[in-house]
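Asks:
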Amino acid sequence: MESDDKIRGLMPLTVELQTFDLMRADLLSSHSGKFALIKGEQFLGAFDSAENAYAEGVAQFGKEPFLVKRIAAEDEVYRNQALALGLINAHI
């Protein structure tokens, strides 16, 4: 059985990321620095840690996709220094 996102032609978590972006200003005013749990277009709560938000998501949705994202004014960018310094290689 196909997921709703595949049926609509969307990448996984597209709706959740759009929902987060639409809610970002409100979330910042009341939950800055916490972690949002979002499923579809529904904000399910703000948690003190990503682990707590993830555990709640698994408890409610099992293996279905859901979004856990830090509530911040700007998205964090992760860089792998070992890759940047040439200590490991990525073959694409």
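For the working numbering, add 4 to where a residue sits in the sequence shown, where the first one is 1. Every residue gets a Cβ at the ideal spot worked out from N, C-alpha and C, and that includes glycine. In this text, all values refer to a predicted model and were calculated from it rather than measured experimentally.
1) Output the distance between the C-alpha atoms of Ala76 and Met27, rounded to the nearest integer angstrom.
2) Buried or exposed: where does Val81 fall if 16 or more other Cβ atoms within 10 Å of its Cβ makes it buried?
3) Rounded to a whole number of angstroms, what is the C-alpha to C-alpha distance between Leu48 and Ala40?
4) Using the beta-carbon count (16 or more within 10 Å), is Thr23 buried or exposed?
5) For Leu71, count neighbouring C-beta atoms within 10 Å of its own C-beta (all shown protein chains included) and say buried if the count is 16 or more, exposed if not.
Replies: Checking against the coordinates, here is how it stands:
1) 11 Å
2) exposed
3) 7 Å
4) buried
5) buried
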